[in-house]
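Quick note, in numbering that gives the first Met the number 0, the sequence shown goes up one by one and the last residue is 117. Every residue, glycine too, gets a C-beta built ideally from N, C-alpha and C. Data first, discussion second: the structure below is written as structure tokens.
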Amino acid sequence: MKSKEINRDKIPDVITMEQLYRLCHIGKKTARYLLKSGKIPCKYSGKKTRCYKILKKDVMEYLSDREKYPEFYKAVDGWYAKNANVKLEPPALPEIRDDLHEYYAYLLRKGGEYNVFS
């Protein structure tokens, strides 16, 4: 994935979902999935429009993390289907997410030769 350099000074401290998907070069449905699943932390106001408030530091963390672990941010099967009724799991705690990242890095170092039965 090609990524353009982002001028962090021009980004406001708090952004909306519309700004998020334009900044990250992702679709509206992908942005909504990332926010609803908790993979990008946000504050939900409950309003019909402009209901998500996202901190700039969380977006920058997502962008750097997405390059390392793209499979973590992949939408669940059926998310993009018309009239999708997908149940989302509660967001993973940061400690659990960090443990999973370490586990994936371990698997990649071992070349996929990890045996759970040994």
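Beta-carbon proximity check, residue i vs residue j, cutoff 8 Å
i	j	result
ILE25	LYS55	no
TYR32	CYS41	no
Residues that residue i bridges to, as DSSP identifies them
i	result
VAL85	The partner list for VAL85 (beta bridge, DSSP) is empty, contrary to what the question assumes.
VAL42	Here residue 42 turns out to be Lys, not Val, going by the sequence shown. Partner(s): LYS52.
VAL13	LEU54
Cβ-Cβ separation, residue j to residue i (assumed contact under 8 Å), whole Å
i	j	result
VAL13	ILE39	Incorrect: roughly 13 Å between the Cβ atoms, too far for contact.
HIS100	TYR68	6 Å
Reference residue i, options the options, closest by Cα
i	options	result
SER44	THR15, MET59, LEU106	THR15
CYS23	ARG65, ARG49, ALA104, GLY37	ARG65
TYR61	ASP8, ARG108, ARG96	ARG96
ASP8	LYS27, LEU106, MET59	MET59
ASN77	ARG21, ARG49, LYS28, ASN6	The sequence shown places Gly at residue 77, not Asn. Looking at the Cα atoms, LYS28 is the closest of the given residues.
ALA30	ALA74, ASP98, ILE5, SER63	ALA74
Delimiting residues of the alpha helix (DSSP H) encompassing residue i
i	result
TYR102	93-109
LYS56	55-67
GLU70	No alpha helix (DSSP H) holds GLU70; DSSP gives it neither H nor E.
GLU4	First-last for GLU4: undefined, no H or E at that position.
CYS23	16-23
TYR32	27-35
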